[in-house]
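Undergrad:
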Amino acid sequence: MLRRIIVPVFLLFITLPAIANGISRNDASNISTQVADTTDTDQVKKTTPGHYLLVKPVESGDNQYQKVNSPLDEPVMVQLIDEDFNPVAGQLVHFAIIKVEKKSKGFSISSEISSTDSNGIASTKIILGSRPGEYQIAARIESDLDRDIQLYTFHARKSNWVFMLVIGLLGGLGLFLLGMEMMSEGMKKSAGDKLRTILSSLTRNRIVALGLGTFVTMIIQSSSATSVMLVGFVNSKLMKFRRTIGIILGANIGTTITAQLIAFKLTDYSLLMIAIGFGFLYFSKKQGYKFLGQSILGFGILFFGMHIMSEAMYPMRSYTPFIELLLHLENPLLGILVGMLFTALLQSSSAFIGITIVLATQGLLTLEAAIPMLIGSNIGTAITAFLASIKASREAKKVAMANAFINLFGMLMFVWWISGFAEIIAQISPKSTLPTGDPMAMAETIPRQIANAHTIFNVVVALIVLPVTNYVARFIDWMLPEKPLPEEVMLQTIYLDESMISTPALGLNLAKQEAIRIGTITQDMVGDVILPFVVKQHHVLEDLVNKEKQIEFLVGEVNAYLMKIIRQGVESERADEAFQIMYTIKELEEIADVIGNLMVQRAELWIKTDAQFSDEGKKELVEYHTLTQKQLSRALEVFKDVNLEKAKRMKAKHKKYRSIASDMEKKHYERLRDAGKKIEETGDTHMELMTRLRTITHHSTNIARILVEWKNW
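In my numbering, the protein residues as written are 1 to 713.
(1) Since I371 contacts A263 with CB under 8 Å, what's their CB separation in whole angstroms?
(2) From the DSSP output, in three-state form, read off T701 for me.
(3) In terms of alpha-carbon separation, which member of E185, Q629, L272 and Q580 lies closest to K722?
(4) Suppose you measure from the CA of V540 to the CA of L210; what does that come to, to the nearest Å?
(5) Could you give the first and the last residue of the continuous beta strand (DSSP E) run that contains R157?
(6) Tell me, which residues are paired with Y65 by DSSP?
(7) Can you tell me the Cα-Cα spacing of I696 and K619, whole angstroms?
(8) Thinking C-alpha only, which one of L230, F303 and M650 is nearest L177?
(9) Tell me whether L598 counts as near the ligand FMN, meaning its Cβ is closer than 7 Å to at least one heavy atom of that ligand.
(10) Report the rounded CA-to-CA distance for I149 versus S60, giving the unit in angstroms.
(11) By the DSSP assignment, the beta strand (DSSP E) with I706 in it spans what residues?
(12) Considering Cα atoms alone, identify which of F613, H51, H155 and H307 is closest to I535.
(13) Opposite M650 in the DSSP bridges: which residues?
(14) Can you tell me where the beta strand (DSSP E) holding I296 begins and where it ends?
(15) When you compare only the Cα positions, how much space is there between I521 and I476?
(16) Starting from T493, trace the alpha helix (DSSP H) in both directions and tell me its first and last residue.
(17) By the three-class DSSP mapping on this structure, what secondary structure does Q629 have?
(18) Classify T609 as buried or exposed, calling it buried when 16 or more other Cβ atoms lie within 10 Å of its own Cβ.
(19) Does DSSP classify E74 as helix, strand or coil?
(20) Can you list, in chain order, the residues of its chain with a C-beta nearer than 8 Å to that of N30? Leave out the 5 residues immediately preceding and following it.
(21) Which first and last residues belong to the beta strand (DSSP E) in which L53 is found?
(22) From K648 to M187, what distance separates their C-alpha atoms?
(23) Applying the criterion that 16 or more other CB atoms from any shown protein chain within 10 Å of the CB defines a buried residue, is K397 buried or exposed?
(24) Report the CB separation of S130 from V68 in whole angstroms; it is logged as a contact under 8 Å.
(25) Could you check where the beta strand (DSSP E) with E134 kicks off and where it finishes?
(26) Which class does L506 belong to by DSSP, given the choice of helix, strand or coil?
(27) On the criterion of 16 or more Cβ atoms from any shown chain inside 10 Å, does P321 qualify as buried, or is it exposed?
(28) Alpha carbon to alpha carbon, how far is I167 from K158?
(29) So the candidates are L292, A251, G300 and V231; which of them puts its Cα closest to the Cα of Y269?
(30) Alpha carbons only, please: which of I141, A259, K103 and K99 is nearest the one belonging to T153?
(31) Can you give me the C-alpha to C-alpha distance between H94 and S349, rounded to a whole angstrom?
(32) Using the Cα positions of I464 and E74, report the straight-line distance between them to the nearest angstrom.
(33) Tell me whether D42 is buried or exposed, calling it buried when 16 or more other Cβ atoms sit within 10 Å of its Cβ.
(34) Terminal residues of the continuous beta strand (DSSP E) containing T723?
(35) Please state whether the Cβ-Cβ distance between L554 and L621 is less than 8 Å.
(36) Where does the unbroken alpha helix (DSSP H) through L588 begin, and where does it stop?
Below you can see the structure in the form of structure tokens.
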């Protein structure tokens, strides 16, 4: 929400000051004395005009925009040249109205006849009519040749055109960001399992890491989001800091793919993409097609938003104050600052680059002005990562620092030769057939040049840094040395990360890691619970009680985390996986409760007595305790690896263990019958301990049960 509110500030920041400046100019022109043609027409040299040619100079005053009933900012000028292209002075040029909006009043020409000056220029001033729309005049010399006529078109805006321009920018930008979010969500949902596979298959190979970073960022559509994700992974101990550097480099490349797509002029097909995406999303029954439809629909909305922004910005292409303001962005430091600030606010470099391309499509932004903003946008992604790492571990802070270091290094590489870099990009990018300097030529070529500059900048930085990632890691380690860790706080999660909830596949992976941690703690409890009974170790009991409280806390946290993921509106497959994790940790909590409450209470009473199990009884308890440990270990392996075959084998093991427990109980009763009072004193404890171990085995088997259809059990 913050992003959608703050984003338009960028366009307003560079638009409103210029508009205010322009309005003041208009007011001044209203009170200025109109320049009259003082040429004495009787003294004008009479020359056959057929030998001359009327042309529009670079600043002709054509295609201007202004409010109704207002004078144009610039005079209308035409140049007269001879056959050798030399300016012709002292010739008459006639200006005439040829098109007026219906029912409009007040459209006027200050001088309908004007004489050319020493540069061959004849000029006049225009006041627009009372109704918005298109107005035209013609400049001509006394000739019947078409070449001796030039047409000029002007556009009258309503008096509230500034407000409408801002609304167009806000609405278009809202659609642009909505489309980007929809496209990103659709791609993330369709590739969720792949993201998890990628996460689990990360290796120390820096080239593989570069490719993975590129691929993941192409899906997420934001290198800022990838950086934040890496901070979360390292903070959750799913990844080592040193393995993130290659991914950071790849993320910077991956985010340029979006800019390349945006640079294609697909706005004419945006409604077609919206229609196709809508059809897939709302009429397809398969989840995969729905996700595809969501991506296509988002892509179409993105380009439709760009079209609206582009149309809203169209009047500004001939608005001199605004153009002058944009020229200031060619100052590298100012451009870098603007790119850094607004990317940090947007939390997406792709979105910011999209805005620069919109400006470029109207010929409002030069490549020299865009390149510093591209560099600044890279640094802006590092700011987002820094904010995400504020409360993270020291190791996670290193990820944010490495991201900032890499992007600052790239800035220092390119900031000194932006003009030369721009020339290289212009040479390797497609050319326009229109004359150089024509705004339409800029509109054709600059968007692709911006995308190419963004890609080449990040690829070059990656190629330079990738071979020395180990040295970069050492430098960051030196900047942030490890501090002695305080004693671990038991009641806290390690893997859960709130920022991953919006990506259910990754959030589920973190929840599963925390569930496996709960299983490991439970295994420790099961392993230790036999000690108070066979060797009467009292100090174990306090540890068992503390671990039971820890598991109770962790189960509550994991359940709450999973419910947040489910409430995201995930598909049924993801919801089933979340419920499987919840079911598993419920069984683990049951085991911890049996040990931490029932068995600990019995152990406290047992330790206070002088009673001892018989050798046969102790042997049976230890043997069945070992079987219980094995069954829990198998259950956790099944849960971790999702091994259906192993889950089915656990069923047979469970039946076997029940039979063994029954045989042991039968033998115990036989000993009670044959022995005396001494055995009777230990009999109740023996039987209760066997019962609790059987209960633990049952809960362990239930963990595997969820992976098999109920009808098979």
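Just so you know, even glycine gets a beta-carbon here, dropped at the ideal spot from N, CA and C.
TA: According to the structure shown:
(1) With a Cβ gap of about 15 Å, I371 and A263 do not count as contacting.
(2) helix
(3) Because the chain here runs from 1 to 713, residue 722 falls outside it and cannot be looked at.
(4) If I take the Cα positions, the gap works out to 48 Å.
(5) I149 to R157
(6) H155
(7) Taking the straight line from one Cα to the other gives about 19 Å.
(8) Closest option to L177, judged by alpha-carbon separation, among L230, F303 and M650: F303.
(9) Here there are no bound small molecules, and the ligand FMN is not part of this structure.
(10) Whole-angstrom Cα-Cα distance: 14 Å.
(11) Element bounds for I706: n/a, residue is neither H nor E.
(12) Reading the sequence as shown, one finds Val at residue 535 and not Ile. For V535, the nearest C-alpha among the options comes from F613.
(13) Partner(s): none; M650 has no beta bridge.
(14) In the DSSP assignment, I296 falls outside any beta strand (DSSP E) and lies within the alpha helix (DSSP H) extending over Q287 to M313.
(15) 34 Å
(16) Unbroken run through T493: none, as it is neither H nor E.
(17) DSSP, reduced to helix, strand and coil, places Q629 within a helical segment of the structure shown.
(18) exposed
(19) coil
(20) Low confidence applies here, because N30 scores a pLDDT of 36, under 50, leaving its location unreliable; read the following figure in that light. These residues qualify, in order along the chain: S70 and P71.
(21) L53 to V55
(22) 35 Å
(23) buried
(24) 6 Å between Cβ atoms; contact.
(25) G133 to R140
(26) If DSSP states are grouped into helix, strand and coil, L506 belongs with the helices.
(27) buried
(28) So the two alpha carbons sit approximately 14 Å from each other.
(29) G300
(30) Of the candidates I141, A259, K103 and K99, the residue whose Cα lies closest to the Cα of T153 is K99.
(31) 52 Å
(32) 50 Å
(33) The predicted position of D42 is uncertain, since its pLDDT is 37 and thus under 50; a value taken from the coordinates is nonetheless stated next. So D42 counts as exposed.
(34) Because the chain is modelled from 1 through 713, residue 723 falls outside the range shown and cannot be assessed.
(35) The answer is no: Cβ separation not under 8 Å.
(36) S572 to D593
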